[in-house]
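Going letter by letter, the sequence shown gives residues 1 to 81 in UniProt numbering. All remarks here apply to the structure that follows.
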Amino acid sequence: MTRTAQISKEKRQSIITLRHERQSILKVSSSAVAKTIKRYDETGSHKDRHRKGRPRSEGKAANKCSAYVGTSSRRLENHFS
(Lines of atoms letter the chains of each structure in order from A and count residues from 1; the text may use other names and numbers.)
(Lines give C-alpha, C1' and ligand atoms only; values in the text may rest on other atoms or scores of the structure.)
Protein backbone atom coordinates (compact mmCIF):
# COMPACT_ATOMS: atom_id res chain seq x y z
CA MET A 1 0.00 0.00 0.00
CA THR A 2 1.48 3.34 -0.99
CA ARG A 3 1.74 6.20 1.44
CA THR A 4 -0.36 9.27 0.81
CA ALA A 5 0.64 12.86 1.31
CA GLN A 6 -0.10 14.31 4.72
CA ILE A 7 -2.48 17.22 5.03
CA SER A 8 -1.42 20.19 7.12
CA LYS A 9 -2.24 20.53 10.82
CA GLU A 10 -4.21 23.69 10.09
CA LYS A 11 -6.36 21.90 7.51
CA ARG A 12 -6.94 19.01 9.92
CA GLN A 13 -7.97 21.43 12.64
CA SER A 14 -10.39 23.17 10.29
CA ILE A 15 -11.86 19.78 9.29
CA ILE A 16 -12.58 19.02 12.95
CA THR A 17 -14.02 22.50 13.51
CA LEU A 18 -16.24 22.26 10.44
CA ARG A 19 -17.34 18.78 11.51
CA HIS A 20 -18.58 20.19 14.80
CA GLU A 21 -20.38 22.96 12.90
CA ARG A 22 -21.83 20.42 10.41
CA GLN A 23 -20.26 22.16 7.41
CA SER A 24 -18.17 20.80 4.56
CA ILE A 25 -14.84 21.94 3.17
CA LEU A 26 -13.76 21.74 -0.45
CA LYS A 27 -10.47 20.60 -2.02
CA VAL A 28 -9.94 17.81 0.51
CA SER A 29 -10.65 14.22 -0.41
CA SER A 30 -13.35 12.42 1.49
CA SER A 31 -10.83 9.77 2.58
CA ALA A 32 -8.60 12.47 4.11
CA VAL A 33 -11.59 13.84 6.00
CA ALA A 34 -12.55 10.36 7.20
CA LYS A 35 -9.00 9.57 8.36
CA THR A 36 -8.72 12.92 10.14
CA ILE A 37 -12.02 12.43 11.94
CA LYS A 38 -11.06 8.87 12.89
CA ARG A 39 -7.68 10.06 14.24
CA TYR A 40 -9.40 12.82 16.22
CA ASP A 41 -11.94 10.40 17.70
CA GLU A 42 -9.16 7.97 18.72
CA THR A 43 -6.66 10.46 20.11
CA GLY A 44 -8.72 13.56 20.90
CA SER A 45 -6.14 15.68 19.10
CA HIS A 46 -5.37 16.86 15.57
CA LYS A 47 -1.60 16.45 16.02
CA ASP A 48 0.54 13.98 14.07
CA ARG A 49 0.92 10.49 15.44
CA HIS A 50 4.33 9.13 16.38
CA ARG A 51 5.87 7.27 13.44
CA LYS A 52 8.15 4.30 13.42
CA GLY A 53 11.61 4.39 11.93
CA ARG A 54 14.15 7.04 11.19
CA PRO A 55 12.88 10.18 9.42
CA ARG A 56 14.19 11.01 5.96
CA SER A 57 16.99 13.54 5.98
CA GLU A 58 16.34 14.95 2.50
CA GLY A 59 13.37 15.64 0.28
CA LYS A 60 12.67 14.24 -3.18
CA ALA A 61 14.35 17.15 -4.97
CA ALA A 62 17.55 16.76 -2.97
CA ASN A 63 17.60 13.01 -3.64
CA LYS A 64 17.27 13.59 -7.39
CA CYS A 65 20.01 16.19 -7.30
CA SER A 66 22.41 13.98 -5.36
CA ALA A 67 21.72 11.09 -7.74
CA TYR A 68 22.52 13.33 -10.70
CA VAL A 69 25.70 14.64 -9.08
CA GLY A 70 26.81 11.09 -8.39
CA THR A 71 26.41 10.00 -12.02
CA SER A 72 28.03 13.13 -13.45
CA SER A 73 31.10 12.75 -11.21
CA ARG A 74 31.56 9.17 -12.43
CA ARG A 75 31.42 10.40 -16.02
CA LEU A 76 34.09 12.98 -15.27
CA GLU A 77 36.33 10.37 -13.65
CA ASN A 78 36.03 8.15 -16.72
CA HIS A 79 36.70 11.08 -19.02
CA PHE A 80 39.91 12.18 -17.31
CA SER A 81 41.38 8.76 -16.59
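Backbone N, C-alpha and C fix where the C-beta goes; we use that ideal spot for every residue, glycine too. All values reported here derive from a predicted model rather than from experimental measurement.
Task: 4-residue-minimum alpha helix (DSSP H) runs that sit fully inside the region 4-42, ordered along the chain - done: 9-20
Task: Counted within 10 angstroms of its Cβ, other Cβ atoms place residue 111 as buried (16 or more) or exposed - done: The chain is shown only over 1 to 81; residue 111 falls outside these bounds and no answer can be derived.
TODO: For arginine 12, count neighbouring Cβ atoms within 10 angstroms of its own Cβ and tell me buried if that reaches 16, exposed if not.
DONE: buried
TODO: Taking lysine 38 and lysine 9 to be in contact with their CB atoms under 8 Å, please state how far apart those CB atoms are, rounded to whole angstroms.
DONE: Incorrect: roughly 16 Å between the Cβ atoms, too far for contact.
Open item on the list: Let me check understanding here. Comparing Cα to Cα, which of Ala5, Gly53, Val28, Ser14 lies closest to tyrosine 40?
Closed with: Ser14
Task: Distance, isoleucine 7 Cα to alanine 32 Cα - done: 8 Å
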